[in-house]
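The block underneath contains the structure these notes are about, expressed in structure tokens.
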Amino acid sequence: MEFLLILSITLLTYSVIIFIINKLNKMRHQNCYLLDYACFKPSDEFKLPTNICGEVIHRNRLLGFDEYKFLLKIIVNSGIGEETYGPRSIFRGEEATSTFDDALLEMDECFEHTISDVLSNSGVKPTDIDILVVNVSMFAPEPSLASRIVNKFKMREDIKIYNLSGMGCSASLISIDLIRRTFMSQFNKLALIFTSESITPNWYSGNNRSMMLANCLFRCGGCAMLLTNDPKRKNQAKLKLKHLIRTDLGANDEAFNCAYETEDELGHTGMCLSKDLPKAAALAFVQNLKTLAPKVLPVTELVRFVMAGLYRRSKGSRGGGSNSVNFKAGIDHFVIHSGGAAVIDGVGKSLRLSEWDLEPARMTLHRFGNTSASSIWYALGYMEAKKRLKKGQRVFMIGFGAGFLGNSCVWIVNRDLKDEGVWKECIDQYPPKTLENPFMKMYGWINDQDI
Amino acid sequence: MFSSKLQSIHNSFQLSQLQIFFILLIIILAGIIYFMCRPRPVYLLDYACFKPPATLRVTFSTFMEHASQVDFFDEKSVKFMMRILERSGLGEETCVPPPNHCIPPNPNMESSRSEARTVIFSAIDELFSKSSSIQPKHIDILIVNCSLFSPTPSLSAMIVNKYNLRSNVRTFNLSGMGCSAGVISIDLARELLQAHSNSIALVISTEIITPNYYAGTERAMLLPNCLFRVGAAAVLLSNHRRDSSLAKYRLMHLVRTNKGTDDKAYRCVYEEEDSKGNVGIALSKDLMAIAGATLKSNITTIGPLVLPASEQLLFLLALARRKLINPKSKPYIPDFKQAFEHFCIHAGGRAVIDELEKKLQLSSGHVEASRMTLHRFGNTSSSSLWYELSYIEAKGRMKRGDRVWMIGFGSGFKCNSMVWKSMRTVKTPVSGPWSDCIHRYPVHIPEVVKLY
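Protein chains in written order, with this note's numbering: chain A, 36 to 486; chain B, 205 to 656.
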């Protein structure tokens with residue numbers, strides 16, 4: 036009997052130890068590291084200042100004086116600077132009549148630069164890539180852009196490729212989610228993500244105001260990111276993924292319809308952005324944070340929040356003031372999708388962020404415009420170029436997109452980062468003294484209500 | 205008696221108690237490690253295919269009449285399409301969406317979305333009516349693949365909106381991935397189901413025909429007009445171990461092969477603009493050869509996983525003979541009929557099915573499901589494999605333990621295949637797209653159907 040008792044206890048102890056070892060082993064391989072990333076900086080001949088935007092608006096015969104005024108007002112007040120980039124078709128005067136090949140060329144230029152850069156910076160060969168995920172929302176040719184990249188870079192025959200499309204401005208986080216989950220069952224893999232947006236074939240040539248906004252705000256840009264779950268590459272990695280939360284508000288009709296690709300009465304296709312967009316973004320944001328907050332905030336902040344809430348409730352409406360969670364207790368840096376000045380302001384207000392916190396997003400919007408899903412990587416690049424990212428700090432990224440989707444993630448900085456990347460030539464000029472559009476003197480009259 | 209026998213065995217081995225501990229320990233540890241490292245099973249609970257209404261039927265005569273009435277096709281193009289149709293293997297009951305019934309076809313974004321809603325929602329509604337225990341709120345993962353129509357918000361967002369899926373559902377919308385994208389979606393679902401236990405995934409495979417009618421005169425780009433037809437499939441997957449008794453199939457293997465590095469293979473199914481600015485998909489003359497080569501690569505990987513040892517040995521011996529003794533001796537083609545009971549070959553066209561029947565040395569019975577699907581439904585792209593599976597079930601041929609090999613080909617150039625094992629015998633009659641016509645099948649499909 037004694038023999039059996041000892042046997043059972045020993046076996047139980049060993050089983051528990053092995054179980055723990057196994058779990059730890061799995062956790063080890065579940066770590067998703069960002070090795071490096073490279074953003075796209077188009078050639079300077081494609082810079083799109085306000086005066087050229089004015090000429091482009093003028094070219095559209097369907098637009099009258101009122102529309103001209105409306106569009107200039109958007110552009111001048113958008114927070115977008117004079118050095119953002121537009122597609123080739125605009126500079127040839129062919130934005131309304133671009134061809135299929137033009138759209139392919141736009142993508143070719145973007146991925147050839149970004150992928151070559153990220154591979155050479157990290158010493159990785161194209162044949163080392165095990166998984167490739169491409170997300171470009173508004174252009175999905177056949178064969179897919181992912182196949183196009185495999186062909187151009189001569190990747191392996193057994194590579195797993197996924198081409199996501201239609202998933203909006205938060206799609207790069209969806210790509211990371213896909214890879215993170217794949218990493219949980221496949222060990223020692225290297226993944227490449229390419230994220231961009233196609234401007235060329237999606238130019239709106241009609242006169243519906245809700246559909247003209249996209250023309251004003253979206254600019255050319257893209258990013259290639261290398262991720263791995265190989266523990267041997269841990270020291271090379273820049274960031275380690277800690278959390279990723281996805282929120283899908285598609286079940287809410289208002290949210291679903293707020294960013295909708297459609298045809299106007301004259302048959303022109305464009306992105307219709309409704310007035311409910313800020314509301315949908317706010318809803319997605321709150322829902323997303325509700326899930327994220329308990330994971331990132333220290334216990335002290337959570338306790339403080341709950342206690343403050345209880346105190347306010349006990350005091351009733353005389354409690355006064357507003358009680359919101361202080362995210363800065365658990366997060367050091369905030370990367371916000373540069374969807375527009377309103378998005379940045381809205382998020383900044385909700386999270387009670389300072390101008391310093393919002394600077395990367397604002398400067399990205401100013402220097403590169405709204406580059407859709409890749410904008411968060413430009414903002415991250417800004418922080419890195421400004422030498423803000425130190426080992427152990429936590430970086431929060433949030434993106435919003437059509438659907439309506441609100442996706443966020445939290446990274447831990449793996450080592451002190453100092454690459455200047457795409458901001459190399461201009462980081463010293465940022466932040467500029469003023470973000471005001473220099474053409475305000477010329478176009479400032481449009482803000483007068485009398486005209 | 206038993207304990208005394210144990211005692212005598214114990215004495216004969218002269219093992220100390222400590223040694224017994226360790227031996228038992230090792231056995232138990234091995235057991236634990238084995239159970240912990242097992243990949244999660246992927247069960248196919250059920251699936252449903254869209255059955256187009258008869259009002260959307262396009263007969264050969266209708267197709268030709270419409271083609272000759274529109275001004276963007278010249279006489280040569282019309283004659284060419286007629287020849288394609290005559291030899292296509294399609295029947296008179298395939299369907300095109302409403303805008304393509306107009307003269308000329310008048311596609312737009314809203315009508316494309318309307319086709320998407322009709323085909324996808326019908327398939328999903330039927331799927332949920334068959335799986336009574338699963339409801340939309342149980343869906344954890346949603347994957348949609350549609351190659352040639354990718355609006356914003358995506359088709360996956362459209363499904364979330366219609367069925368009020370949860371806000372933490374993980375959606376993925378694949379596009380541009382060709383006719384083998386159905387297998388890619390299942391692969392993605394499998395990866396995601398490995399990451400999380402007790403999850404349900406809904407996979408939708410479809411192709412939206414409306415926006416893709418080619419209105420030009422390039423011959424290589426006219427083929428899709430003749431072959432592509434409406435279709436959609438909805439598949440419910442689960443990794444709950446308890447679902448093994450409810451499930452219809454279990455996923456055994458999935459192999460993806462990508463020949464994209466070879467320029468010829470990459471360009472053999474290529475979307476581009478013709479000289480007049482019309483966008484269409486050009487199919488190259490090398491398509492069959494490339495499909496054959498890509499299939500060969502896929503077989504090289506999947507063969508060792510599925511073939512019995514005898515076939516693998518024969519293959520290796522033949523290979524050795526070729527390399528060492530006589531390079532001119534014929535290569536040995538493994539007998540895949542020993543590994544699988546049923547074959548679902550993508551109904552891409554008659555030539556694809558003929559080629560595979562020859563290459564894999566299959567009988568006409570093995571490719572019947574593919575041929576009949578092509579005849580009744582046309583080339584429905586990524587969903588065709590599910591129509592073929594439905595045919596096999598409707599014919600009462602699916603028995604418990606049967607293995608099915610599904611092979612998809614598509615742009616890239618990709619050959620993706622998957623192996624399912626049947627968990628139960630499927631009893632007829634089967635409700636599905638074949639329910640009203642299975643009794644008429646198989647039909648004889650002549651080489652050429654003369655159209656005048």
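Beta carbons: idealized from backbone N, C-alpha and C, even for Gly.
C-beta neighbour in chain A for residue i, strict 7 Å
i, result
"residue 418/B", "no"
"residue 404/B", "no"
"residue 232/B", "yes"
"residue 211/B", "no"
"residue 358/B", "yes"
"residue 378/B", "yes"
"residue 583/B", "no"
"residue 223/B", "no"
"residue 220/B", "no"
"residue 422/B", "no"
"residue 470/B", "yes"
"residue 425/B", "no"
"residue 340/B", "no"
"residue 396/B", "yes"
"residue 349/B", "no"
Start-to-end residues for the beta strand (DSSP E) that takes in residue i
i, result
"residue 457/B", "453 to 462"
"residue 622/B", "618 to 626"
"residue 163/B", "It is not possible to answer for residue 163/B, since the shown part of chain B is limited to 205 through 656."
"residue 432/B", "From DSSP, residue 432/B is part of no beta strand (DSSP E); its letter is neither H nor E."
"residue 4/A", "Nothing can be reported for residue 4/A, as the shown portion of chain A is limited to 36 through 486."
"residue 170/A", "166 to 171"
"residue 190/A", "Run containing residue 190/A: none; DSSP gives neither H nor E here."
"residue 442/A", "440 to 448"
"residue 307/B", "Taken as a continuous stretch (DSSP letters only), residue 307/B belongs to no beta strand (DSSP E), as it is neither H nor E."
"residue 296/A", "294 to 298"
"residue 234/A", "Counting along the chain, residue 234/A falls outside any beta strand (DSSP E), and DSSP gives it neither H nor E."
Whole-Å CB distance - residue i paired with residue j, under 8 Å assumed
i, j, result
"residue 75/A", "residue 258/A", "7 Å"
"residue 182/A", "residue 196/A", "7 Å"
"residue 386/B", "residue 349/B", "6 Å"
"residue 317/A", "residue 381/A", "7 Å"
"residue 435/B", "residue 410/B", "7 Å"
Interface partners of residue i on chain C, CB under 9 Å
i, result
"residue 267/B", "Of the protein chains in this structure, namely A and B, none is chain C."
Contact test: residue i Cβ vs the ligand ADP heavy atom, cutoff 6 Å
i, result
"residue 82/A", "By its list of ligands, the structure shown contains no ligand whatsoever, and the ligand ADP lies outside what it can speak to."
Extent of the continuous alpha helix (DSSP H) run through residue i
i, result
"residue 231/A", "From DSSP, residue 231/A is part of no alpha helix (DSSP H) but of the beta strand (DSSP E) over 225 to 231."
"residue 591/B", "588 to 598"
"residue 496/B", "491 to 510"
"residue 250/A", "244 to 252"
Residue i at chain B interface by Cβ criterion, 7 Å
i, result
"residue 434/A", "no"
"residue 222/A", "no"
"residue 362/A", "no"
"residue 39/A", "no"
"residue 173/A", "yes"
"residue 199/A", "yes"
"residue 189/A", "yes"
Looking at chain A, which residues of the stretch 308 to 321 of chain B have a Cβ within less than 7 Å of any of its Cβ atoms? For the stretch 308 to 321 of chain B, which is checked against every Cβ of chain A, the residues closer than 7 Å are 312, 313 and 314.
For the stretch 317 to 369 of chain B, which segments carrying the beta strand (DSSP E) assignment without a break, of at least 3 residues, lie completely within its bounds, in sequence order? Complete beta strand (DSSP E) runs here, min 3: 345 to 350.
Closer than 9 Å, Cβ to any Cβ of chain A: which residues of the stretch 477 to 495 of chain B, in chain order? Taken in chain order, the members of the stretch 477 to 495 of chain B whose beta-carbon sits within less than 9 Å of a beta-carbon on chain A are 477, 481, 483 and 485.
Where the stretch 332 to 354 of chain A meets chain B: residues whose CB sits under 8 Å from a CB there: Residues of the stretch 332 to 354 of chain A with a C-beta less than 8 Å from any C-beta of chain B: none at all.
Within the stretch 329 to 416 of chain A, ranges of the alpha helix (DSSP H) (whole runs, at least 4 residues): If we require 4 residues or more, the alpha helix (DSSP H) runs fully inside the stretch 329 to 416 of chain A come out as 334 to 350, 376 to 385 and 390 to 403.
Chain-ordered residues of the stretch 380 to 398 of chain A with a beta carbon less than 9 Å from chain B: Listed in sequence order: no entries.
Starting from the N-terminal side, write out each stretch of the alpha helix (DSSP H) that is 4 residues or longer and does not extend beyond the stretch 66 to 136 of chain A. Counting only runs of 4 or more, we get 85 to 94, 100 to 112 and 123 to 126.
Ordered list of beta strand (DSSP E) runs contained in the stretch 383 to 453 of chain B, each at least 3 residues: Runs found: 404 to 411 and 435 to 442.
Going residue by residue through the stretch 517 to 559 of chain B, where are the continuous beta strand (DSSP E) segments of at least 3 residues, counting only ones entirely within it? As for any beta strand (DSSP E) of minimum length 3 sitting wholly inside the stretch 517 to 559 of chain B, the runs are 546 to 549, ordered along the chain.
Between the stretch 259 to 289 of chain A and chain B, which residues of the former have CB atoms less than 9 Å from a CB of the latter, in chain order? Under the 9 Å Cβ criterion, the stretch 259 to 289 of chain A contributes 280, 281, 282, 283, 284, 285, 286, 287 and 288.
For the stretch 148 to 165 of chain A, which residues have a beta carbon sitting closer than 8 Å to at least one beta carbon of chain B? Here the close residues number zero.
Given a limit of 7 Å on CB to CB distance, which residues of the stretch 439 to 457 of chain B reach chain A? Listed in sequence order: no entries.
Report the start-end ranges of each beta strand (DSSP E) in the stretch 236 to 303 of chain B that is 3 residues or longer and not cut off at the edges. As far as the stretch 236 to 303 of chain B is concerned, its whole beta strand (DSSP E) runs of at least 3 residues are 247 to 253.
Output needed in chain order: residues of the stretch 300 to 317 of chain A with a Cβ under 9 Å from some Cβ in chain B. Of all residues in the stretch 300 to 317 of chain A, only 302, 304 and 306 come within less than 9 Å of chain B when Cβ atoms are compared, listed by chain position.
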